[in-house]
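Down below is the structure, laid out as structure tokens.
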Amino acid sequence: MQRFQSVLGKPYLPPLFFFSGVTYDTVTLIRIDRLQDNLLLLLYLALLGFLIVLTGRLGTNEATVEDLPPEAPPLMKWIIQAKPYAPMAIQFLLGGLFSAYTIFYSKSATFTGTAVFFCLLVGFLVANEFLRDRLSNIQLLVGLYALVCFAFFTFFLPVMTGLMNQAIFLAGAGLTVLVVLRVVHLVYWGNSARSRREAVLAGAPALALIGLLVGFYFLNWIPPVPLSMKFGGMYHEVKRSGDHFELSYEREWYEAWKRSNTTFTANEPIYCFTAVFAPVTLKATVYHHWYYRSDKSKPFSHADKIPLKISGGREGGYRAYTFKQGLDPGDWRVDVETEDGRVIGRVGVRVEDQVERPHPLHTVVY
Numbered sequence: 000m001q002r003f004q005s006v007l008g009k010p011y012l013p014p015l016f017f018f019s020g021v022t023y024d025t026v027t028l029i030r031i032d033r034l035q036d037n038l039l040l041l042l043y044l045a046l047l048g049f050l051i052v053l054t055g056r057l058g059t060n061e062a063t064v065e066d067l068p069p070e071a072p073p074l075m076k077w078i079i080q081a082k083p084y085a086p087m088a089i090q091f092l093l094g095g096l097f098s099a100y101t102i103f104y105s106k107s108a109t110f111t112g113t114a115v116f117f118c119l120l121v122g123f124l125v126a127n128e129f130l131r132d133r134l135s136n137i138q139l140l141v142g143l144y145a146l147v148c149f150a151f152f153t154f155f156l157p158v159m160t161g162l163m164n165q166a167i168f169l170a171g172a173g174l175t176v177l178v179v180l181r182v183v184h185l186v187y188w189g190n191s192a193r194s195r196r197e198a199v200l201a202g203a204p205a206l207a208l209i210g211l212l213v214g215f216y217f218l219n220w221i222p223p224v225p226l227s228m229k230f231g232g233m234y235h236e237v238k239r240s241g242d243h244f245e246l247s248y249e250r251e252w253y254e255a256w257k258r259s260n261t262t263f264t265a266n267e268p269i270y271c272f273t274a275v276f277a278p279v280t281l282k283a284t285v286y287h288h289w290y291y292r293s294d295k296s297k298p299f300s301h302a303d304k305i306p307l308k309i310s311g312g313r314e315g316g317y318r319a320y321t322f323k324q325g326l327d328p329g330d331w332r333v334d335v336e337t338e339d340g341r342v343i344g345r346v347g348v349r350v351e352d353q354v355e356r357p358h359p360l361h362t363v364v365y
């Protein structure tokens with residue numbers, strides 16, 4: 000046991016477990032609607048809730064097996080012996096959850112307001128490596144538990160119900176409140192030495208955090224998981240051939256990486272093609288929201304908003320395109336948006352009066 004404890008105390012182990020866990024999640028967490036992944040996250044949440052209740056009920060007293068009465072059950076003895084390792088187990092579970100959420104939410108976050116919540120998850124993912132000494136603070140634990148539950152139910156309910164709207168989001172927030180209150184209740188249940196005031200102080204920061212996150216939603220600061228944009232670009236022509244789309248664009252011979260065009264002339268058609276991933280059961284309406292500005296000194300303004308019905312299940316995303324012709328010179332962009340205005344992805348293009356076209360069209364099949 001002493002040798003095991005000395006190994007756990009090595010300074011290189013936390014970073015090693017951190018990067019190993021992130022790498023494992025990156026490789027294994029493929030689809031947000033995969034049952035195996037969601038069951039694993041549910042198991043993490045259940046174990047984390049149990050350890051928080053255990054930590055809260057035992058407090059910070061360094062009890063030993065000798066302090067227990069002779070009639071104490073073997074389970075209680077095991078719990079007392081395992082208590083010193085609870086912070087490490089909590090840190091591992093939090094790291095696994097934040098790592099998974101970072102992967103899932105990164106696929107839906109854009110460099111707009113939705114990046115706020117994504118950055119919050121990344122911040123806690125990194126900070127988790129420095130929280131071990133503070134993971135006996137019940138307020139901190141309950142607050143972190145509220146965050147990981149909220150992030151889970153935000154995408155789990157749409158995956159399970161096939162619906163993605165304001166009511167489903169608020170239902171997820173309400174379910175998070177119920178779970179957090181239950182954990183706080185179990186921490187202080189049947190313990191007359193702990194006052195109701197302590198329970199309120201333990202749960203209030205978590206409830207305030209949930210309220211703040213709901214505010215983020217109405218500010219469109221939460222990425223639109225479980226939707227994510229797999230592919231997008233601007234093209235001269237889009238044709239359907241069987242189960243594939245042929246996308247025509249121009250490129251130099253050395254631009255092998257290029258998959259779409261960013262510059263068009265004002266007199267030619269422009270096709271915006273996108274592929275949006277959605278879970279198997281989800282059917283939703285997304286929009287190609289076209290914006291325009293005449294020069295870089297001005298903000299983008301609304302030009303057109305075209306609805307597209309999508310169905311989930313396809314690995315590469317539901318494919319659709321919109322078409323424009325005779326656009327004014329300037330900067331154009333298309334935001335792929337949900338019904339509540341959250342941005343799934345963005346494609347930009349520059350329209351000019353005259354652009355040389357010396358190269359033949361190339362075709363990419365998607």
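Those letters in the sequence shown? Residues 0 to 365, by numbering that gives the first Met the number 0.
Glycine residues also receive a C-beta, built at the ideal position from the N, C-alpha and C atoms.
Sub-9 Å separation of residue i and residue j beta-carbons
i      : j      : result
PHE230 : LYS238 : no
SER247 : THR362 : yes
ALA277 : ILE305 : no
ARG332 : GLY316 : no
MET163 : GLY344 : no
PHE155 : LEU40  : yes
VAL335 : HIS288 : yes
LEU177 : LEU143 : no
ASN266 : GLY325 : yes
LEU38  : LEU96  : no
VAL183 : ALA201 : yes
PHE103 : LEU53  : no
PRO328 : SER293 : yes
THR175 : ALA198 : no
ARG349 : THR262 : yes
GLU351 : THR280 : no
VAL186 : GLY55  : yes
PRO221 : THR153 : It is Ile, not Pro, that sits at residue 221 in the sequence shown. Yes, the pair counts as a contact, with Cβ atoms nearer than the cut-off.
VAL141 : ALA205 : yes
Start-to-end residues for the alpha helix (DSSP H) that takes in residue i
i      : result
MET159 : 137-160
VAL364 : Looking at the DSSP string, VAL364 is not in any alpha helix (DSSP H); the run it does join, the beta strand (DSSP E), is 360-364.
ALA166 : 165-187
Simplified DSSP state of residue i, which is helix, strand or coil
i      : result
ALA319 : strand
THR337 : coil
LEU326 : coil
GLU249 : strand
HIS243 : strand
HIS235 : coil
ILE209 : helix
LEU93  : helix
PRO86  : helix
SER310 : strand
ARG196 : helix
ILE51  : helix
ASP32  : coil
ILE305 : strand
VAL64  : Because the pLDDT of VAL64 is 46, which lies under 50, any placement of that residue in the model is unreliable, and the number read from its coordinates should be weighed accordingly. Of the three classes helix, strand and coil, the one that applies to VAL64 here is helix, per DSSP.
THR59  : Its pLDDT being 45, under 50, THR59 is placed unreliably by the model, and nothing is read from it.
Residue from the options with nearest C-alpha to residue i
i      : options                        : result
GLU236 : GLU249, PRO225, ASP242         : GLU249
ALA274 : TYR286, ILE209, GLY241         : TYR286
ALA170 : LEU143, ALA150, ARG56          : ALA150
TYR365 : LEU46, PHE272, LYS295, GLY312  : PHE272
ASN219 : GLU197, PHE152, ARG56, VAL342  : VAL342
GLY173 : LEU200, LEU212, LEU53          : LEU212
GLN90  : ILE102, CYS118, ASN136, SER105 : ASN136
MET233 : TYR253, ASP242, ILE269, ALA203 : ILE269
ARG30  : ARG349, GLU314, LEU140         : GLU314
THR284 : ALA319, LYS295, PHE263, ALA88  : ALA319
GLN369 : ILE209, ASP339, PRO86          : No statement about residue 369 is possible, as the shown extent of the chain runs from 0 to 365 and does not include it.
LYS323 : TYR290, VAL179, LYS297         : TYR290
ARG196 : GLN138, ILE221, SER259, ALA255 : GLN138
Host beta strand (DSSP E) of residue i (start-end)
i      : result
VAL350 : 342-351
Residue i Cβ short of 8 Å to the ligand HEM heavy atom set
i     : result
GLY48 : You won't find the ligand HEM in this model; it holds no ligand whatsoever.
Cutoff 9 Å: residue i Cβ touching any chain C Cβ
i      : result
ASN136 : Among the protein chains of the structure shown there is no chain C, as only one such chain exists.
(message) Quick check on the DSSP output: what are the complete beta strand (DSSP E) runs of length 3 or more inside the stretch 258-301, in order along the chain?
(response) 262-264, 269-276, 282-292
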